[in-house]
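Per UniProt numbering, the sequence shown starts with residue 1, numbered consecutively. We treat Cβ as the ideally placed atom computed from N, Cα and C, and that holds for glycine. A short write-up of the structure that comes next.
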Amino acid sequence: MSDETKLKLQRFWEHFTYLIIDEVSMISKSFLAVLSRNIGITKTGCKDANPRENVFGGINVILSLYEPINLASNSLDQQFGRSIYEEFKKVVILKDQVRVTDPVWRDFLQHLRYGNVKEHHVEMLRKLVITNPDCEPTDFSSPPWNDAALVTPRHAVRKQWNASAVRKHCRETGARLYICPAEDTIKGRPLTIQERYGVARRIIASRKDRRSRFRALPDEVEVAIGMKVMVTANVTMDLDITNGAHGEVVDIVLDPREPPAPEGQTTVHLKYPPVYILVKLARTRA
């Protein structure tokens with residue numbers, strides 16, 4: 001650890017007296033050892049201190065959930081991590097489970113945790129598939145299904161779902177759909193003809209590369225006042241504007257150069273990106 005890194009960590013941990021580690025079952029014993037060692041260095045300022053005598057720099061630590069995963073290796077960090085875990089003597093067992101209220105689903109999760117899923121659990125899961133004839137009829141026009149969120153790892157499905165959802169929102173609320181174009185610049189100036197040609201060639205080449213296509217920014221963004229949005233990157237941790245935060249668009253301020261849209265036009269293709277889009281998040285620390 002460099003002196004610069006140690007100084008930054010010392011400033012960060014200076015006033016902290018408690019550390020709560022959630023989902024500790026996802027942390028290996030070796031990671032627990034490295035975490036303890038680094039915090040110990042930053043709290044004491046001594047790089048050569050015995051980590052076994054200075055566990056977590058003396059701060060209070062609370063572990064949430066189950067014991068750490070057990071890796072096969074038997075390194076020094078693994079051994080040290082196990083000894084740290086065994087130092088926790090006070091255990092609080094929460095018997096009132098409030099996160100999952102469905103007894104059938106809770107029973108499935110408990111068996112899944114220990115790799116002991118039964119045949120009736122599998123049958124239960126199969127009946128949740130909409131295309132299964134035994135699945136209970138689902139009315140997507142009534143709550144809670146009319147406000148459901150889609151979770152998918154497929155990029156194409158996400159794009160189609162978002163396009164369909166914003167149009168459904170506009171039909172139901174009468175909101176105007178704005179299609180905002182991307183504006184490419186280099187050091188603040190517009191692209192030359194040669195540079196535009198180079199960008200076009202790169203776009204065509206990226207369409208053949210699956211990974212590049214996923215990383216590329218879209219050429220157009222569809223927005224409407226009242227539509228729901230979600231943050232997909234950690235913007236600022238202090239204000240809780242992080243990956244997964246959600247809210248809705250409350251205002252769209254257009255570029256002054258934008259010509260007025262005809263009265264009654266429901267879809268507007270903008271010539272310039274909006275000046276800004278105001279989003280009200282459901283929860284922040286602001």
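The DSSP-derived three-state label of R189 is strand. For the 8 Å CB-CB criterion, G226 and H269 do not form a contact. Per DSSP, the beta-bridge partners of V61 are L19.
Listed in chain order, the non-local C-beta contacts of S75 below 7 Å within the same chain comprise S30, local neighbours out to five positions each way being set aside. The continuous alpha helix (DSSP H) containing I84 extends over residues 76-85. Distance between R167 and E119, taken at the CA atoms: about 41 Å. If one requires a minimum length of 3 residues, no beta strand (DSSP E) run lies completely within the stretch 86-149. For the pair L217 and A182, the CB atoms are nearer than the 8 Å cut-off.
Residue pairing of T232 in beta bridges, as defined by DSSP: absent, with no partner found. The stretch 176-190 makes contact with the stretch 220-234; the number of CB pairs closer than 8 Å reaches 3 or more. Going by beta carbons, I252 and Y197 fall outside the 8 Å limit. In this structure, DSSP gives T267 an extended state, which the three-state scheme calls strand. Within a 10 Å sphere around the beta-carbon of R37 sit 16 or more other beta-carbons, which makes this residue buried. Counting every other CB atom within 10 Å of its CB across the protein chains shown gives G81 a total of 16 or more, marking it as buried. In this structure the stretch 129-147 does not touch the stretch 233-252; the number of beta carbon pairs closer than 8 Å is below three. With respect to S64, V100 sits apart: the two C-beta atoms are not nearer than 8 Å.
When the five nearest sequence neighbours on each side are left out, the beta carbons in the same chain lying within less than 8 Å of the beta carbon of F108 are those of V117, H121, M124, L125, in order along the chain. For G247, the enclosing beta strand (DSSP E) has its first and last residue at 246-253.
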